[in-house]
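Undergrad:
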Amino acid sequence: MSIERAFLKSGRNTIIHKEKKLDLVIVNGDNHPKIKVTHMGLVPFKEELPRNRREAKERDLEIVQISHNDVFGEVKRLLFIQALDGKEYKVDYSKIGTKLFVRIHQDSYL
1 MSIERAFLKS GRNTIIHKEK KLDLVIVNGD NHPKIKVTHM GLVPFKEELP
51 RNRREAKERD LEIVQISHND VFGEVKRLLF IQALDGKEYK VDYSKIGTKL
101 FVRIHQDSYL
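Written out as structure tokens, the structure is:
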């Protein structure tokens with residue numbers, strides 16, 4: 001049985017947000033900061049993670065565990081995220097704490 005997801009995988013390190021009514025929370029391992037992907041772009045996720053899928057749906061969120069076998073199967077150092085605002089963002093986990101951690105990679109991928 002296939003579960004309908006609010007995102008697509010593309011290649012080895014790209015996530016494509018596809019559903020406006022659900023925000024994505026990108027979780028790339030336990031040590032990295034979490035990122036919320038909304039229809040307006042990317043923001044840091046400072047809240048507590050939902051305990052289960054039902055709680056996430058109530059909060060209009062979908063948790064994307066990057067290292068889970070359904071997604072990429074390993075923690076990524078570099079991740080590209082195509083958001084619904086028409087921009088592709090580059091998330092470089094080797095630059096956490098700098099202004100280069102999250103930046104616009106392509107201004108318009110459409």
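Mapping the sequence shown onto the working numbering, position 50 (from 1) lands on 50, and the numbers just tick up by one.
No residue lacks a Cβ here, since even glycine has one placed at the ideal position from N, Cα and C.
Flag this pair as yes or no: are the beta carbons of V25 and I63 separated by less than 8 Å?
TA: Translated into positions along the sequence shown, residue 25 becomes position 25. Translated into positions along the sequence shown, residue 63 becomes position 63. A contact, by the Cβ cut-off of 8 Å.
Undergrad: For N28, count neighbouring Cβ atoms within 10 angstroms of its own Cβ and tell me buried if that reaches 16, exposed if not.
TA: The residue you call residue 28 lines up with position 28 of the sequence shown. By the neighbour-count rule (16 or more Cβ atoms within 10 Å), N28 is buried.
Undergrad: F80 and T14 look like a contact to me (Cβ under 8 Å); what is the Cβ gap, rounded to whole Å?
TA: Position 80 of the sequence shown, counted from the start, is the residue given in the question as residue 80. Position 14 of the sequence shown, counted from the start, is the residue given in the question as residue 14. Rounded, the Cβ-Cβ distance is 4 Å, consistent with contact.
Undergrad: Could you check which residue in K20, H39 and E47 has the C-alpha nearest to that of P33?
TA: Taking the sequence shown and counting its residues from 1, the one referred to as residue 33 is at position 33. Taking only the C-alpha atoms, the option nearest P33 is E47.
Undergrad: What separation, rounded to the nearest whole angstrom, lies between the Cα atoms of R53 and D60?
TA: Residue numbering aside, residue 53 sits at position 53 when the sequence shown is read from its first letter. Residue numbering aside, residue 60 sits at position 60 when the sequence shown is read from its first letter. If I take the Cα positions, the gap works out to 10 Å.
Undergrad: Among I104, D30 and P50, which residue has its Cα nearest to the Cα of D92?
TA: Locating residue 92 in the sequence shown gives position 92, counting from the first residue. Checked all of I104, D30 and P50; the closest Cα to D92 is I104.
Undergrad: Does the beta-carbon of Q106 have 16 or more other beta-carbons within 10 angstroms, so that it is buried, or is it exposed?
TA: Start at 1 with the first residue of the sequence shown, and residue 106 comes out as number 106. Exposed: under 16 other Cβ atoms inside 10 Å.
Undergrad: Which value, in whole angstroms, describes the spacing of the CA atoms of R51 and D70?
TA: Taking the sequence shown and counting its residues from 1, the one referred to as residue 51 is at position 51. Taking the sequence shown and counting its residues from 1, the one referred to as residue 70 is at position 70. The alpha-carbon atoms of R51 and D70 are separated by roughly 19 Å.
Undergrad: Does the Cβ-Cβ distance between Q82 and H39 come in under 8 Å?
TA: Position 82 of the sequence shown, counted from the first residue, corresponds to residue 82. Position 39 of the sequence shown, counted from the first residue, corresponds to residue 39. Cβ atoms of Q82 and H39: not closer than 8 Å.
Undergrad: Measuring only the C-alpha atoms, how far is Y89 from V75?
TA: As a first step, residue 89 must be located in the sequence shown, where it is residue number 89. As a first step, residue 75 must be located in the sequence shown, where it is residue number 75. Distance between the alpha carbons of Y89 and V75 is about 18 Å.
Undergrad: For R12 and Q65, I'd like the C-alpha separation in whole angstroms.
TA: Numbered from its first residue, the sequence shown carries residue 12 at position 12. Numbered from its first residue, the sequence shown carries residue 65 at position 65. If you take the alpha carbons of R12 and Q65, they lie about 14 Å apart.
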